[in-house]
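*Asks:* First the structure, which I've put down as structure tokens, then a few questions once you've had a look.
Residue numbers (this note's numbering), protein chains in the order written: chain A, 72 to 399; chain B, 14 to 337.
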């Protein structure tokens, strides 16, 4: 199985490693399940699952370079683990733990991993698409041949910022891939989008498009590789209309089974150690306790201004006085 | 030493920043080829190229969102919003994204955008070309709000804002864009954010203002002096960070305060100033703190001079505090 790049890129063969892709999808399911469990226990807030979207996430990433920037939405947090961030680092952010990268400032789905070029996720819909354009603008200005990929769904697709982003990407011919992931429920999508084909919108913006089936990981990898090659060679943006229907993990497992592999064993080999790792990490993170109160005031600006110092000190004095829960 | 108006000072500061730092980019509606509706970017595209100074589609949310992306990539974008009245389509990007990127990423993604935008009335612009939105932004954690009042402060504060690693809303007093002139050498000097200026020293009453109202307040101080009232005049220069020390030192000296701004009164920045003074200098006060502001109406077209604070309104308020 191979994917060929096009455009000015040297022709390269990208081997789509189906076993690796399977491991990524299984990992994502385990992370989703664990998030759900923590949510039921009140340890994690809003953290929608990636279930059904795994092909869009991991087959797309397999066609990108580590230097390419990723803008996710609430469902795509496992992308940082795919790029080598540790499970504990991911879970710390999910739980808002003291040792997390954002120090508890962001809610459960708003993950960040600068070292993996995974940009801080917003809970708002569609705003990130314009930021993706801005990063692509920077890449173009700096002759950086990286590209930007942004995942989003029907809710974000309905926003004004989705239009703004695509309009700017078309006007400036920017190296960005807008990866739309349908919800898997055509009736629900129809309430948000007028047309049946999201890809058709690309023509109006003067940018390229492709339609992919979320269960066809090879097709996704081919289209993302082509979009990335187009972007790197100055050919501008692409909308990928990602149809979500069947179960991408089941579809991939059918292929692996046909190759004679024992998918149940493969699944266990990923899920069992990962589940244990998550449980251990959660215990360790809980033991950390909450972040120090003073960190509430950090990272508002590069440095605390006089007003923030005054408010911080006032809160600390107050908490000290009432630390035993009584008014004396 | 050249004589400059505010437009020329802004242009000179942008020219200096573009020359000094290749990470600086200037863009917005009509800023490139046309040089800006007020000519603030005149000639910059010819000098620095279409890659550094460029026109955008008419989409404020697109402009600011793009600037955010450029900033987190590591550049220093300086977008222009043509009139501050047009900034509201970008409000979500400014308040929910630009102001929060550093915080929600634990410092991994600082967002050093400087949004330049002309604000204020007195140009027969009607309500969509005259408003003063500073309180919305001062209320938002994570934003700095900087307001020059003349060419010298426009130059030094704009360069300091572009240097700043955090987002800055840079409000230019368009009413005095050309009327305010000053002689200075545009040699790249910076004025610190968060440092107010005592524009005039006095002993009876402190007048606190910013932007175009500084010029009305100066006239008011002249009128007060003619009537044997000695007014101290403070030009805040930046609302966030705020120079409380300069304010409180003056209030402790005079015991009377008049706050002047064009924006509507209710929840205007003057309310915040009055609260701070009450909290920290109550026992020094000889009279209630008075505000001279725009009214709680939409900005009017024909009657804008009645809506806006002027020297006589400021004079009357100062006189009231002295006679209290």
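By construction, the Cβ of each residue, glycine as well, lies at the ideal position given by its N, Cα and C atoms.
No experiment lies behind these values; they were computed from the predicted model shown.
Tell whether a beta-carbon distance below 8 Å holds between residue 343 of chain B and residue 144 of chain B.
*Replies:* Nothing about residue 343 of chain B can be reported from this structure: the residues present for chain B run from 14 to 337 only.
*Asks:* What residues match up with residue 314 of chain A in a beta bridge as DSSP calls it?
*Replies:* A:284
*Asks:* Would you verify that the beta carbon of residue 204 of chain A is, or is not, closer than 8 Å to some beta carbon of chain B?
*Replies:* Residue 204 of chain A has a beta carbon lying within less than 8 Å of a beta carbon in chain B.
*Asks:* Taking C-beta pairs closer than 9 Å, name the residues in chain A that residue 153 of chain B reaches, listed in chain order.
*Replies:* In chain order: nothing, as chain A lies at least about 11 Å away.
*Asks:* What is the DSSP secondary structure of residue 5 of chain B, reduced to helix, strand or coil?
*Replies:* Beyond the ends of chain B as shown, which are 14 and 337, falls residue 5 of chain B; an answer cannot be given.
*Asks:* By a C-beta neighbour count over all protein chains shown, 10 Å radius and 16 as the cutoff for buried, is residue 238 of chain A buried or exposed?
*Replies:* buried
*Asks:* Can you list the residues of chain B that residue 235 of chain A reaches, using a CB-CB cut of under 7 Å?
*Replies:* Below the 7 Å Cβ cutoff, chain B contributes 72, 74, 75, 78 as neighbours of residue 235 of chain A, in chain order.
*Asks:* In this structure, does DSSP put residue 17 of chain B in helix, strand or coil?
*Replies:* Strand.
*Asks:* Residues of chain B with a CB under 8 Å from the CB of residue 195 of chain A: which are they?
*Replies:* 105, 109, 110
*Asks:* Ignoring anything shorter than 4 residues or poking outside the region 263-319 of chain B, list the alpha helix (DSSP H) runs there in chain order.
*Replies:* 282-294
*Asks:* Using a Cβ-Cβ distance cut-off of 8 Å, determine whether residue 377 of chain A contacts chain B.
*Replies:* yes
*Asks:* Where do the ends of the beta strand (DSSP E) carrying residue 219 of chain B lie?
*Replies:* 218-222
*Asks:* Under 9 Å between beta-carbons, which chain B residues line up against residue 242 of chain A? List them in chain order, please.
*Replies:* 69, 70
*Asks:* Look at the alpha carbon of residue 295 of chain A and the alpha carbon of residue 228 of chain A, and state the distance between them as a whole number of angstroms.
*Replies:* So the alpha carbons of these two residues sit roughly 19 Å apart.
*Asks:* Go ahead and label residue 325 of chain A buried or exposed: buried means 16 or more other beta carbons lie within 10 angstroms of its beta carbon, across all protein chains shown.
*Replies:* When all chains shown are included, residue 325 of chain A counts as exposed.
*Asks:* If you run the structure through DSSP and keep just helix, strand and coil, what is residue 184 of chain B?
*Replies:* Strand, per DSSP.
*Asks:* Taking 6 Å as the limit between beta carbons, can you name the residues of its chain near residue 225 of chain B, skipping five residues before and five after?
*Replies:* 133, 186, 188, 189
*Asks:* In chain A, what lies closer than 8 Å to residue 114 of chain B by C-beta?
*Replies:* One finds 191 in chain A with Cβ atoms closer than 8 Å to the Cβ of residue 114 of chain B, taken in chain order.
*Asks:* Let me check understanding here. Comparing Cα to Cα, which of A:212, A:353, A:218, A:375 lies closest to residue 164 of chain A?
*Replies:* A:353
*Asks:* Determine the contact status of residue 362 of chain A and residue 169 of chain A, defining contact as a CB-CB distance below 8 Å.
*Replies:* yes
*Asks:* Are there three or more Cβ pairs, one per stretch, closer than 8 Å when the region 186-200 of chain A is compared with the region 132-150 of chain A?
*Replies:* Yes, since at least three Cβ pairs between the region 186-200 of chain A and the region 132-150 of chain A fall closer than 8 Å, the two stretches touch.
*Asks:* Once the 5 residues before and after residue 199 of chain B are set aside, which same chain residues still bring their CB inside 8 Å of it?
*Replies:* 15, 17, 22, 25, 26, 29, 168
*Asks:* Taking the straight line between their C-alpha atoms, what separation do you get for residue 222 of chain B and residue 398 of chain A?
*Replies:* 42 Å
*Asks:* Assuming residue 290 of chain A and residue 316 of chain A form a contact by the criterion Cβ under 8 Å, report the distance between their Cβ atoms to the nearest whole angstrom.
*Replies:* Residue 290 of chain A to residue 316 of chain A, Cβ: 13 Å. No contact.
*Asks:* Quick one, which of B:163, B:125, B:220, B:320 has its alpha-carbon nearest residue 278 of chain B's?
*Replies:* B:320
*Asks:* Considering only the alpha carbon of each residue, which of A:136, A:383, A:358, A:356 lies closest to residue 369 of chain A?
*Replies:* The candidate whose alpha carbon is nearest that of residue 369 of chain A is A:383.
*Asks:* Between the region 253-263 of chain B and the region 306-314 of chain B, do at least 3 Cβ pairs fall closer than 8 Å?
*Replies:* no
*Asks:* Could you give the DSSP three-state label for residue 259 of chain B: helix, strand or coil?
*Replies:* Here residue 259 of chain B sits in helix by DSSP.
*Asks:* What is the C-beta distance between residue 244 of chain B and residue 220 of chain B, in whole angstroms, given that I count them as a contact (C-beta under 8 Å)?
*Replies:* 5 Å
*Asks:* To which residues does DSSP link residue 248 of chain A through a beta bridge?
*Replies:* A:220, A:309
*Asks:* Can you say whether residue 283 of chain B is buried or exposed, counting buried as having 16 or more other CB atoms within 10 angstroms of its CB?
*Replies:* buried
*Asks:* Could you tell me how far apart the beta carbons of residue 210 of chain A and residue 246 of chain A are, in whole angstroms, since I believe they sit closer than 8 Å?
*Replies:* 6 Å
*Asks:* So, with DSSP's three-state summary, where would you put residue 212 of chain B?
*Replies:* strand
*Asks:* Counting beta carbon pairs with one atom in the region 125-137 of chain A and one in the region 304-321 of chain A, are three or more of them shorter than 8 Å?
*Replies:* With a cut-off of 8 Å, the region 125-137 of chain A and the region 304-321 of chain A count as touching, because enough Cβ pairs lie within range.
*Asks:* When you compare the CB positions of residue 191 of chain A and residue 104 of chain B, do they come within less than 8 Å of one another, or not?
*Replies:* no
*Asks:* Of the residues B:157, B:264, B:280, which one's Cα is nearest the Cα of residue 126 of chain B?
*Replies:* B:157
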